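What follows is one structure encoded as structure tokens, with my remarks underneath.
Number of protein chains: 2
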Amino acid sequence: MHPTPLAFLLFAEGASGSIPLSMLILFASAKLMAEVAERLNQPGIVGEILAGVLIGPSVLGWLAPNEFLSAMSDLGAMFLLFRVGLEVKSSELMRVGGTAMLVACSGVIVPFLMGAAILLLWGAKLNEAIFVGASLVATSVGITAQVLSAKGLLHEISSKVILAAAVIDDVLGLLVLAVVSSLTRGKFNALQLSLTALLAAGFTVIVARWGTHAMRRVTPHIERTLKASEARFVLALSLLFFLAVLAVSTGVAAIVGAFLAGLALAESSGTRERDLAQGVSEFLVPFFLAGIGLHVDLSAFAKPATAVLAIVLLAAAVVSKFIGCGLGGLGLGKANALRIGVGMIPRGEVGMIVAQIGLGFGILSRNSYAVVVFMSVATTIIAPPLIKMAYGSLLQLPGDALGEEVLRMG
Amino acid sequence: MHPTPLAFLLFAEGASGSIPLSMLILFASAKLMAEVAERLNQPGIVGEILAGVLIGPSVLGWLAPNEFLSAMSDLGAMFLLFRVGLEVKSSELMRVGGTAMLVACSGVIVPFLMGAAILLLWGAKLNEAIFVGASLVATSVGITAQVLSAKGLLHEISSKVILAAAVIDDVLGLLVLAVVSSLTRGKFNALQLSLTALLAAGFTVIVARWGTHAMRRVTPHIERTLKASEARFVLALSLLFFLAVLAVSTGVAAIVGAFLAGLALAESSGTRERDLAQGVSEFLVPFFLAGIGLHVDLSAFAKPATAVLAIVLLAAAVVSKFIGCGLGGLGLGKANALRIGVGMIPRGEVGMIVAQIGLGFGILSRNSYAVVVFMSVATTIIAPPLIKMAYGSLLQLPGDALGEEVLRMG
Numbered sequence: 204m205h206p207t208p209l210a211f212l213l214f215a216e217g218a219s220g221s222i223p224l225s226m227l228i229l230f231a232s233a234k235l236m237a238e239v240a241e242r243l244n245q246p247g248i249v250g251e252i253l254a255g256v257l258i259g260p261s262v263l264g265w266l267a268p269n270e271f272l273s274a275m276s277d278l279g280a281m282f283l284l285f286r287v288g289l290e291v292k293s294s295e296l297m298r299v300g301g302t303a304m305l306v307a308c309s310g311v312i313v314p315f316l317m318g319a320a321i322l323l324l325w326g327a328k329l330n331e332a333i334f335v336g337a338s339l340v341a342t343s344v345g346i347t348a349q350v351l352s353a354k355g356l357l358h359e360i361s362s363k364v365i366l367a368a369a370v371i372d373d374v375l376g377l378l379v380l381a382v383v384s385s386l387t388r389g390k391f392n393a394l395q396l397s398l399t400a401l402l403a404a405g406f407t408v409i410v411a412r413w414g415t416h417a418m419r420r421v422t423p424h425i426e427r428t429l430k431a432s433e434a435r436f437v438l439a440l441s442l443l444f445f446l447a448v449l450a451v452s453t454g455v456a457a458i459v460g461a462f463l464a465g466l467a468l469a470e471s472s473g474t475r476e477r478d479l480a481q482g483v484s485e486f487l488v489p490f491f492l493a494g495i496g497l498h499v500d501l502s503a504f505a506k507p508a509t510a511v512l513a514i515v516l517l518a519a520a521v522v523s524k525f526i527g528c529g530l531g532g533l534g535l536g537k538a539n540a541l542r543i544g545v546g547m548i549p550r551g552e553v554g555m556i557v558a559q560i561g562l563g564f565g566i567l568s569r570n571s572y573a574v575v576v577f578m579s580v581a582t583t584i585i586a587p588p589l590i591k592m593a594y595g596s597l598l599q600l601p602g603d604a605l606g607e608e609v610l611r612m613g
Numbered sequence: 204m205h206p207t208p209l210a211f212l213l214f215a216e217g218a219s220g221s222i223p224l225s226m227l228i229l230f231a232s233a234k235l236m237a238e239v240a241e242r243l244n245q246p247g248i249v250g251e252i253l254a255g256v257l258i259g260p261s262v263l264g265w266l267a268p269n270e271f272l273s274a275m276s277d278l279g280a281m282f283l284l285f286r287v288g289l290e291v292k293s294s295e296l297m298r299v300g301g302t303a304m305l306v307a308c309s310g311v312i313v314p315f316l317m318g319a320a321i322l323l324l325w326g327a328k329l330n331e332a333i334f335v336g337a338s339l340v341a342t343s344v345g346i347t348a349q350v351l352s353a354k355g356l357l358h359e360i361s362s363k364v365i366l367a368a369a370v371i372d373d374v375l376g377l378l379v380l381a382v383v384s385s386l387t388r389g390k391f392n393a394l395q396l397s398l399t400a401l402l403a404a405g406f407t408v409i410v411a412r413w414g415t416h417a418m419r420r421v422t423p424h425i426e427r428t429l430k431a432s433e434a435r436f437v438l439a440l441s442l443l444f445f446l447a448v449l450a451v452s453t454g455v456a457a458i459v460g461a462f463l464a465g466l467a468l469a470e471s472s473g474t475r476e477r478d479l480a481q482g483v484s485e486f487l488v489p490f491f492l493a494g495i496g497l498h499v500d501l502s503a504f505a506k507p508a509t510a511v512l513a514i515v516l517l518a519a520a521v522v523s524k525f526i527g528c529g530l531g532g533l534g535l536g537k538a539n540a541l542r543i544g545v546g547m548i549p550r551g552e553v554g555m556i557v558a559q560i561g562l563g564f565g566i567l568s569r570n571s572y573a574v575v576v577f578m579s580v581a582t583t584i585i586a587p588p589l590i591k592m593a594y595g596s597l598l599q600l601p602g603d604a605l606g607e608e609v610l611r612m613g
């Protein structure tokens, strides 16, 4: 029974009255499905993404993507990458920079060519094929990072290559998207594109290289000065937002800024800030994961042709990243190449954003859009079990990783 | 320099592209102003609210209230009350129930009559006067709770009376608003109103009375069953959202549900969940506090008459709650009555919501709306220093910091 509409007005103005309800549905179902996945011996993350598909418009229709949920999802991705950054030393990422660059580059070229070729063979227009190719380019580092972090594997060399490559890959993805957008719309400007590239790369390299050093010098000083409680955490959050803003304005994704903020603080932050940041990310990350699943629209696959294209493109997305990135990582041995190959598979929110831009420009049809979104979500669901398998021997060895696993279960 | 608009699209669809920037501005300025306030020996909370006024439309114009910020503000209020609930035992609130009921009732009647009388004397229409009276009724418990919690004073008997009275006051405020809305619009239905009252009061009393017991029995069982990491925190958040939804649908504010969730878990939750919840509230509470300040519109006060009315109404808001609630609390002695009187002064978001409803119905003029918002914000800024003064003797007993520690343990 519903006493009065005033009840909703009492909570908040306008449409946000249903916020507690959306939060309950999304959070609880994501966590419930994570539990189910864990019991089936699958990574919990797969359950959380599937929960989004389940409660989304295609199946139960309880929730649809909206501005609030999308903001929460962006924040979730930011805090996820921030927390991962906190666990990694930037000097160690720098050390694998060469391999990571190789992995990122071949992991961009192979998927782009394969995706565009498939669409051309399918009879799509050149512009549409190019855009679909571009949507296969960038890895969603959040998915892999979450799996590796949950299993205590972030300190493996392959994990570091994956993280570094995914950041480089984001910058490359931006460039591919910028080139593709301007080419397909006939507004190509080489000077502006070079400037974009320079700015994005410059920001990333400078913060990754000198951020840690700067924070190690600044933090103790500020800590002595500030009177507020939890001053270090406040400082960490401010840096996170600041670098996210800088990242967006130099052209990189906000999550890259968040990751760099975590990196910069990795050596100067204590357990208290880590615990507090962990709280925020436990709260927000389900919105990122289930938010990805929420975008799936299965109704487009009523046409068998579209369904076939979706499956072919999904296979290409998996194979092309695996081959491209695996080849780039061969220098570290076959086992590591395998891990890097599967670790770079998830496209997640990045592929969806490219598809949205293509749809907005009128270059992608409604069908190709649905196909790309399906590919983006399906790669995030397929990758975690593959990652678990590829790292399997490490999970079973005695030592660090296993130790953490035991502690977690205990 | 701004390389390409694609940069923003890369972050998120639509208007949410500026999310990291709004977050940086709001969070950093709130914390900066909190620091300034602390250095002036004022509660940090006053700085955070003033930061909202400062960056808001009236002064710097950097940010204006929007759907995203309002959602963050609602979440901030929910987590603030959740965390406060975690620190209080519901049995202790029940014990002061009688006094709290007295405080709440006289704290509703006196402000309502005084507010309506002032508007009538000012020459407003009866309906408008009644609505302004209603906007003076409900206390924003979050403001006082934050001050008391920051100073470690939640375990004082006067603090418990304030918390319990503020919850009762919220239910009464809902009823006053429902009655006023239906009267002024000529749609009075006594049966429906009684049902609303019964439902709201029933929900609150049942959860407050039996919630702790239920959680103490359920938590260990669920904990043994769940495989996921941080299962207890996940459970706590789910309960928080669940009770917020129930609260809203029975007619009470979502924050009351959040507070009840905290209460229910107060005895069964450990330090780990508390730390994680603390992280979320450190992150979100500035959005609640500065979000209140953001609503101030000083341009309405260009007319001297409006400015005078605003000051008169503000004085009435302070005096009427102080007298009403202080009288209700006299049974606990003069010192406690004083604390209760000032603790109930802040109107915060509650007064603003009533004003928005009145504006939406066409009953409040633009000017009266601005006056009520000003009163709501100004009471939240005036109250914290008064609360600090009223509790002064407790803070200064065995030295400042030590005193807080002792009280916290006691």
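Protein chains in written order, with my numbering: chain U, 204 to 613; chain V, 204 to 613.
Beta carbons are placed, not taken as given, at the ideal position from N, Cα and C, and that holds for glycine.
Predicted model only: the values in this text are computed from it and were never measured.
Just verifying my parser: in three-state terms, what is the DSSP assignment at residue i?
| i | result |
| --- | --- |
| residue 525 of chain V | helix |
| residue 550 of chain V | coil |
| residue 263 of chain V | coil |
| residue 430 of chain V | coil |
| residue 469 of chain U | coil |
| residue 268 of chain V | coil |
| residue 478 of chain V | helix |
| residue 589 of chain U | helix |
For residue i, return the contacting residues in chain V, with the cut-off set at a CB-CB distance below 8 Å.
| i | result |
| --- | --- |
| residue 242 of chain U | 430 |
| residue 234 of chain U | 431, 437 and 441 |
| residue 271 of chain U | 270, 271 and 274 |
Return the CA-CA distance between residue i and residue j, expressed in angstroms with no decimal places.
| i | j | result |
| --- | --- | --- |
| residue 463 of chain V | residue 358 of chain V | 17 Å |
| residue 285 of chain V | residue 383 of chain U | 48 Å |
| residue 619 of chain V | residue 542 of chain V | The structure shown does not extend to residue 619 of chain V, since chain V spans only 204 to 613, so no value can be given for it. |
| residue 228 of chain U | residue 413 of chain V | 24 Å |
| residue 549 of chain V | residue 314 of chain V | 12 Å |
| residue 615 of chain V | residue 440 of chain V | Residue 615 of chain V lies beyond the range of chain V shown here (204 to 613); nothing can be said about it. |
| residue 236 of chain U | residue 533 of chain U | 36 Å |
| residue 563 of chain V | residue 425 of chain U | 47 Å |
| residue 420 of chain V | residue 436 of chain U | 34 Å |
| residue 451 of chain U | residue 279 of chain U | 16 Å |
| residue 596 of chain V | residue 537 of chain V | 13 Å |
| residue 434 of chain U | residue 252 of chain V | 18 Å |
| residue 324 of chain V | residue 518 of chain V | 15 Å |
Skipping 5 residues on each side, what residues in its chain have a beta carbon closer than 6 Å to that of residue i?
| i | result |
| --- | --- |
| residue 547 of chain U | 310, 342, 524 and 528 |
| residue 406 of chain V | 453 |
| residue 348 of chain V | 287 |
| residue 368 of chain U | 303, 306 and 307 |
Below 9 Å on C-beta distance, what does residue i contact in chain U?
| i | result |
| --- | --- |
| residue 351 of chain V | By Cβ distance, chain U contributes nothing, its closest Cβ being about 14 Å from residue 351 of chain V, past 9 Å. |
Alpha carbons only, please: which of the options is nearest the one belonging to residue i?
| i | options | result |
| --- | --- | --- |
| residue 234 of chain U | U/224, U/249 and U/513 | U/249 |
| residue 361 of chain V | V/545, V/558 and V/555 | V/545 |
| residue 289 of chain U | U/479, U/537, U/560 and U/503 | U/479 |
| residue 293 of chain V | V/537, V/380, V/363 and V/443 | V/363 |
| residue 340 of chain U | U/298, U/522 and U/566 | U/522 |
| residue 489 of chain V | V/226, V/221 and V/222 | V/226 |
| residue 540 of chain V | V/306, V/516 and V/449 | V/306 |
| residue 303 of chain V | V/497, V/530 and V/566 | V/530 |
| residue 352 of chain U | U/283, U/335 and U/589 | U/283 |
| residue 258 of chain U | U/232, U/438, U/338 and U/291 | U/232 |
Could you work out which residues of chain U lie near residue i, taking near to mean beta carbons separated by less than 7 Å?
| i | result |
| --- | --- |
| residue 260 of chain V | Within 7 Å Cβ-Cβ: nothing; residue 260 of chain V doesn't reach chain U, min ~16 Å. |
Could you tell me which chain V residues have their CB closer than 7 Å to the CB of residue i, listed as they occur along the chain?
| i | result |
| --- | --- |
| residue 222 of chain U | 274 and 277 |
| residue 226 of chain U | 444 |
| residue 251 of chain U | Residues of chain V passing the Cβ test: none, with the nearest at roughly 10 Å. |
If I measure Cβ to Cβ from residue i and keep anything under 8 Å in the same chain, skipping five residues before and after, which residues do I get?
| i | result |
| --- | --- |
| residue 504 of chain U | 510, 513, 573 and 577 |
Identify the contact partners of residue i in chain U, using a Cβ-Cβ distance below 8 Å as the criterion.
| i | result |
| --- | --- |
| residue 480 of chain V | 482 |
In chain order, what residues of the same chain have a beta carbon less than 7 Å from the beta carbon of residue i, not counting five sequence neighbours either side?
| i | result |
| --- | --- |
| residue 260 of chain V | 267 and 500 |
| residue 551 of chain U | 343, 345, 346, 495, 579 and 583 |
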